[in-house]
């Protein structure tokens with residue numbers, strides 16, 4: 027199934043499945059309004075934010091979220107809002123410079139999680155600024171996708187289920203879900219400590235600091251009914267992904283579901299600056315740019331930044347059966363109205379967080395980085411760009427079907 031979310035996310039006419047091409051084969055498909063996804067059932071590919079019968083309940087689209095701070099769009103802001111929780115548990119940032127702070131390292135006013143070798147993961151800051159961006163992205167994703175999940179687990183969540191979120195970040199998804207499904211119990215895991223403390227969360231949800239790729243979960247087999255991982259930065263190697271999904275399979279009950287949401291790091295329909303930027307943070311080497319090192323940040327860590335293309339295979343290798351694959355296309359830039367401008371600002375905030383990584387691992391710093399970033403931001407705002415969001419749902423054998431999907 028494939029979906030185009032245009033301008034203000036209004037649905038567009040559907041096309042038959044044969045009319046679509048895969049995004050990885052044609053990077054211009056987002057701009058031309060063509061999209062793709064696995065055809066798990068015969069029929070018409072629906073464009074828009076409603077997933078159709080294959081994904082469960084087609085929820086009505088809520089009012090656009092009011093995004094604050096760096097993602098605020100001053101013009102054409104619609105009326106109405108959805109809940110937004112501030113990152114109240116995030117410590118305030120301190121002075122610039124470089125210093126060790128327990129498990130963290132402060133560099134140029136940004137906080138990073140230290141690794142076991144005494145360095146740090148400079149790809150993703152772990153501070154208040156990044157936590158605020160995660161919270162805003164959750165609101166934006168929920169509006170564009172018109173729901174919080176696609177797996178057919180609605181009935182069991184209403185009755186009472188055990189739910190695990192891997193890589194919960196600031197905890198927005200778990201905090202959003204737990205009041206809605208008060209009979210279920212939610213647990214969010216993340217290697218950072220940006221999530222709220224236990225005494226400021228709903229009674230049926232809690233959070234723990236844990237990296238499942240480093241250490242197995244302290245739970246018995248078949249403990250959870252639903253495991254969710256939302257869109258986050260591409261910081262896992264293929265081996266780490268395999269370890270995460272193998273552990274997810276172990277703690278998932280027979281008949282339970284795993285849902286993964288990933289965002290393509292490559293924006294379609296933009297220009298030269300975006301191409302250079304993507305080349306530096308990915309495995310692609312732009313040999314025609316002599317001023318850039320012949321390596322990339324992701325390559326230096328054996329990370330595939332477009333791992334979404336391999337998720338169905340990784341899930342199958344873990345023993346799960348893929349039941350749903352969806353591709354959603356969202357606009358980036360002023361041409362896409364409120365949603366397009368919001369995504370452009372989200373991507374800008376994400377790019378600014380890579381300043382330290384580009385300097386230390388990509389050899390691009392100071393005025394060179396600033397010039398690249400300025401050109402990138404201009405392209406995001408002014409060109410007819412687009413972004414792909416991928417949703418994959420898989421089921422563990424045994425048990426019974428859970429019932430209705432997304433909410």
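Numbering (the working numbering), first residue to last: 27 to 433. Every residue, glycine too, gets a C-beta built ideally from N, C-alpha and C.
Cβ distance (whole Å) where residue i is taken to contact residue j below 8 angstroms
{"i": "residue 191", "j": "residue 214", "result": "4 angstroms"}
{"i": "residue 161", "j": "residue 198", "result": "5 angstroms"}
{"i": "residue 231", "j": "residue 278", "result": "Going by Cβ atoms, the distance from residue 231 to residue 278 rounds to 19 angstroms, so no, they are not a contact pair."}
{"i": "residue 150", "j": "residue 254", "result": "Actually they are not in contact, since the Cβ atoms of residue 150 and residue 254 sit about 19 angstroms apart, beyond 8 angstroms."}
{"i": "residue 382", "j": "residue 136", "result": "6 angstroms"}
For residue j and residue i, the rounded distance between their alpha carbons
{"i": "residue 347", "j": "residue 418", "result": "11 angstroms"}
{"i": "residue 250", "j": "residue 422", "result": "11 angstroms"}
{"i": "residue 389", "j": "residue 395", "result": "9 angstroms"}
{"i": "residue 101", "j": "residue 293", "result": "Residue placement at residue 101 cannot be trusted, given a pLDDT of 34 that sits under 50; the coordinates are not used to answer."}
{"i": "residue 180", "j": "residue 227", "result": "22 angstroms"}
{"i": "residue 287", "j": "residue 125", "result": "34 angstroms"}
{"i": "residue 357", "j": "residue 290", "result": "13 angstroms"}
{"i": "residue 129", "j": "residue 141", "result": "8 angstroms"}
{"i": "residue 245", "j": "residue 336", "result": "27 angstroms"}
{"i": "residue 263", "j": "residue 248", "result": "26 angstroms"}
{"i": "residue 266", "j": "residue 380", "result": "22 angstroms"}
{"i": "residue 164", "j": "residue 424", "result": "32 angstroms"}
{"i": "residue 384", "j": "residue 375", "result": "15 angstroms"}
{"i": "residue 268", "j": "residue 342", "result": "10 angstroms"}
{"i": "residue 378", "j": "residue 280", "result": "43 angstroms"}
{"i": "residue 229", "j": "residue 243", "result": "22 angstroms"}
{"i": "residue 127", "j": "residue 184", "result": "42 angstroms"}
{"i": "residue 205", "j": "residue 182", "result": "15 angstroms"}
{"i": "residue 132", "j": "residue 349", "result": "43 angstroms"}
{"i": "residue 363", "j": "residue 371", "result": "12 angstroms"}
{"i": "residue 210", "j": "residue 203", "result": "9 angstroms"}
{"i": "residue 223", "j": "residue 270", "result": "25 angstroms"}
{"i": "residue 212", "j": "residue 420", "result": "19 angstroms"}
{"i": "residue 302", "j": "residue 367", "result": "22 angstroms"}
{"i": "residue 306", "j": "residue 169", "result": "31 angstroms"}
{"i": "residue 365", "j": "residue 338", "result": "28 angstroms"}
Distance CB(residue i)-CB(residue j) smaller than 8 angstroms
{"i": "residue 175", "j": "residue 152", "result": "no"}
{"i": "residue 299", "j": "residue 402", "result": "yes"}
{"i": "residue 405", "j": "residue 297", "result": "yes"}
{"i": "residue 416", "j": "residue 334", "result": "yes"}
{"i": "residue 171", "j": "residue 354", "result": "yes"}
{"i": "residue 275", "j": "residue 252", "result": "no"}
{"i": "residue 351", "j": "residue 407", "result": "no"}
{"i": "residue 272", "j": "residue 344", "result": "yes"}
{"i": "residue 340", "j": "residue 369", "result": "no"}
{"i": "residue 410", "j": "residue 295", "result": "yes"}
{"i": "residue 221", "j": "residue 233", "result": "yes"}
Status (buried if at least 16 other CB within 10 Å, exposed otherwise) for residue i
{"i": "residue 216", "result": "buried"}
{"i": "residue 392", "result": "exposed"}
{"i": "residue 387", "result": "buried"}
{"i": "residue 186", "result": "exposed"}
{"i": "residue 154", "result": "buried"}
{"i": "residue 177", "result": "buried"}
{"i": "residue 285", "result": "buried"}
{"i": "residue 397", "result": "exposed"}
{"i": "residue 134", "result": "exposed"}
Cβ pair count under 8 angstroms reaching 3, the region 188-202 against the region 236-256 = The region 188-202 vs the region 236-256: in contact.
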